Amino acid sequence: MEGQEGAGAALGHTDERTKLEAEMMAGMEVVKCSAWEEPLQERIEAARRRELAMLWRVSVMSSIVTFLLLGVPVIIPVITFGVFLAGGHTLDAAKAFTCLVLFNVRRIHGVVRHVHWFMVLYGMFTGSG
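Going by UniProt numbering, the first residue of the sequence shown is number 1, and it counts up by one from there.
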C-alpha cells in the first residue's frame, strides 16, 4: 500500500542519516586529523532536515485522513439536518432516525469505496506515489 511506502521513505531518510553518523564515528580519528567535522556535520544536518520534512508530511497526511474518516460522517448529518430545519421543515423522530440509518449505510459504503483514494493522496503527500 502507498501509505506503507510513505513510511518506508521516511525510514530511508533515517537510514541515510544514521549511516552518515556511523561513518563519522567509525572514522573519528581521520575526521579529526583532516578537519572534516564541519562538512560531515553539514551533511548529517541536511539528512536530518530531509528526514524531518518527510516525517512532517507523513504526520500531516495521517491527520487529514483521520479527520476525513472520523469527522466527515458526523458533520454531514449535522449540516443536512440544519439545512432541513432552516428550510422551515419539522424534524420528527421517524425522519431523523431514518436519515441517520441511511447516513450510516452511506458512511460504511463510502469508507470502503474511498479508502483507496485516501491511500493515493497519502502517497502523493509523502512522496511515495
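For each residue, glycine too, the CB sits at the ideal point set by N, CA and C.
Remember, predicted model here, so these are calculated numbers, not experimental data.
How is residue 88 classed by DSSP in three states: helix, strand or coil? By 1-based counting over the sequence shown, the position of residue 88 is 88. In the structure shown, residue 88 sits in coil (DSSP, three-state: anything other than H, G, I, E or B).
Tell me whether residue 89 is buried or exposed, calling it buried when 16 or more other Cβ atoms sit within 10 Å of its Cβ. The residue labelled residue 89 in the question sits at position 89 within the sequence shown. Answer is exposed; the Cβ neighbour count stays below 16.
Return helix, strand or coil for residue 36, following the three-state DSSP convention. Along the sequence shown, read from residue 1 onward, the residue named residue 36 stands at position 36. Correct three-state label for residue 36: coil.
Other residues of its chain near residue 31: CB distance less than 7 Å, five sequence neighbours each side excluded: Residue numbering aside, residue 31 sits at position 31 when the sequence shown is read from its first letter. Closer than 7 Å at the Cβ level, and outside the excluded window around residue 31, lie 24, 37 and 40.
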